[in-house]
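Read the structure below first, then the notes.
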């Protein structure tokens, strides 16, 4: 009936008005500061976008034939037009750069860059051992400790049993903010710092340091010299380290008496990690979940890192070995682009393992690499916009570009004649 329709319409209108009033009464949440800054930054970026200069290649690649070839290959993952033939050529070229054995590179102090965190620590330990053997240094090893977290308002938790600690040792390092389950040491071993304790002294997150001393626990029995390494029974009291590769804080520690010989060494002591839930065996219920912290010296892996760590870095003449094999979760475009563009030339690349070993596998890998070149729609649109503005900039400043080209020719000629 019409009256029923009218009543239903009035009811819908009433509900709509009520929802609108409730929305108006609802307090507005402030925009998060991070979002506001992103918005302001994007607005500024748009205002400055009238003049755009687009780099044609990463400045890490040189102009040799091998460097130009690497630039052409890397461009496919940075917005260039990929083809199946070019991708197949890249796969074949990379397969020719596979190393035979990491131990053959020991004298070059190799480092490995991976796409995932899981294999890092095992590989890092092997590389550290190779360096210790090369230098004739005594290896020292210790396990992290694991302690239960006392919940607010509850009694002190009993210590973990040996079985529970063994289970916690197997939990991924990432669950404990990359605090490793064990540490291998020799005097001269290199690490990355996991914490920022004193930035002015060089003790800040991801700084690269070199071990120069070990202070053991007062209960630790002396090293008997037997076996391939010294296994500590207790966590060390402290590890002495010094910054390397330009991280030395000359302005802060230069007045120390041993600065010339020790390079401003400082101590790193064991500390608890953020807590993580660990499933352990239980007597009656089968399993139980415990909130646990891992306690260890905050020294991370130096010899094996991820592509995230090397962003912005140039490998130059250093011995870096890359793992570009397709991981279980698939390739990421940015990962391949970052790894390829760290090297000077294609001939500088060293690959940890082959990308393919059979024709069928080669065809599959080519398609997987091709799929990884696809840009996100927003990023592709932004690159097209920047390309148009870069073309307009080049037209606007044509005399300046021509002058720059003449300067480059003069510098190139001068460099070749000398």
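Residue numbers (the UniProt record's numbering): 1 to 418. Where a beta carbon is used, it is the ideal one built from N, C-alpha and C, also for glycine. Remember, it's a predicted structure, so these values are computed and weren't measured experimentally.
Item	Value
Grab the span of the beta strand (DSSP E) containing residue 229 for me, first residue to last.	229–231
If we define contact as Cβ-Cβ less than 8 Å, is residue 354 a contact residue for chain C?	Any reference to chain C falls outside this structure, which holds one protein chain only.
Is residue 215 helix, strand or coil by DSSP?	strand
As a quick exercise: from 362, 271, 164, pick the residue whose alpha carbon is nearest that of residue 286.	164
Just list the residues that DSSP pairs residue 293 with in beta bridges.	147
So is residue 376 buried or exposed if we call it buried at 16+ other beta carbons inside 10 Å?	exposed
Taking buried to mean at least 16 other C-beta atoms within 10 Å of its own C-beta, is residue 108 buried or exposed?	exposed
Flag this pair as yes or no: are the beta carbons of residue 183 and residue 278 separated by less than 8 Å?	no
Using CA coordinates, which residue listed in 356, 349, 302, 344 is at the minimum distance from residue 326?	356
Apart from the five residues on each side of it in sequence, which residues of its chain come closer than 6 Å, Cβ to Cβ, to residue 206?	192
State the start and end residues of the unbroken beta strand (DSSP E) segment that holds residue 322.	320–322
Among 171, 371, 241, 133, whose alpha-carbon lies nearest the alpha-carbon of residue 273?	171
Got a sec, what are the start and stop residues for the beta strand (DSSP E) residue 95 sits in?	Note, residue 95: premise wrong, no beta strand (DSSP E); alpha helix (DSSP H) at 84–95.
Specify whether the stretch 136–150 and the stretch 324–340 touch according to this definition: at least 3 beta carbon pairs, one from each stretch, less than 8 Å apart.	no
In whole angstroms, give me the CA-to-CA distance for residue 71 and residue 61.	7 Å
Helix, strand or coil for residue 277? Go by DSSP, reduced to three states.	strand
Ignore the nearest five residues each way along the sequence and tell me which others in residue 230's own chain have a CB closer than 6 Å to its CB.	140, 223
Between the stretch 99–118 and the stretch 293–309, do three or more beta carbon pairs fall short of 8 Å?	yes
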